[in-house]
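Position one of the sequence shown corresponds to residue 248 (the numbering used here), numbered consecutively onward.
One structure below.
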Amino acid sequence: AFCASPEGEPHCASGRVRILRLGEEEALGPIYSRFLASHLWRGETFFLQIDGHTDFRAGWDSALVRMARRTPSFPRSVLSNYPPEGSPASAAVWPRPTDAEERVERPAGGLCSFSYE
């Protein structure tokens, strides 16, 4: 649908947007699906993986770039989030985040544990 739209077609045709669509029977769960999606990366500075039920607020892309650039590990930063459920039928527009909202330091969430070796 996005790549067939007037807004999306030029981006998809140029290769700037790559989409991997899988049915439930092919996906084999979210971990395997994200692994497959990671193979779409072609060395870009920024790479985004989302689920189909994600809603976006105005200015989400520039806000994420600013957040990533502020991390100590940039350009090898990972921003992770467990967003609230969205709906493809939603037409709600979220307001742009203010600079103050973007700069709020939040404690790390309990999405999963990690370790480095």
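All residues carry an ideal CB built from backbone N, CA and C; glycine is no exception.
Q: State yes or no: is the C-beta of Leu-326 within less than 8 Å of the C-beta of Ala-336?
A: If you number the sequence shown from 1, residue 326 lands on position 79. If you number the sequence shown from 1, residue 336 lands on position 89. Not closer than 8 Å, so no.
Q | Close beta carbons around Gln-296, own chain, < 8 Å, minus the five adjacent residues each side | A | One-based indexing of the sequence shown puts residue 296 at position 49. Arg-281, Ala-284, Ser-285, listed in sequence order.
Q. Just the Cα atoms here: how many angstroms apart are Thr-301 and Pro-319?
A. Translated into the one-based positions of the sequence shown, residue 301 becomes position 54. Translated into the one-based positions of the sequence shown, residue 319 becomes position 72. Straight-line Cα distance between these residues: approximately 27 Å.
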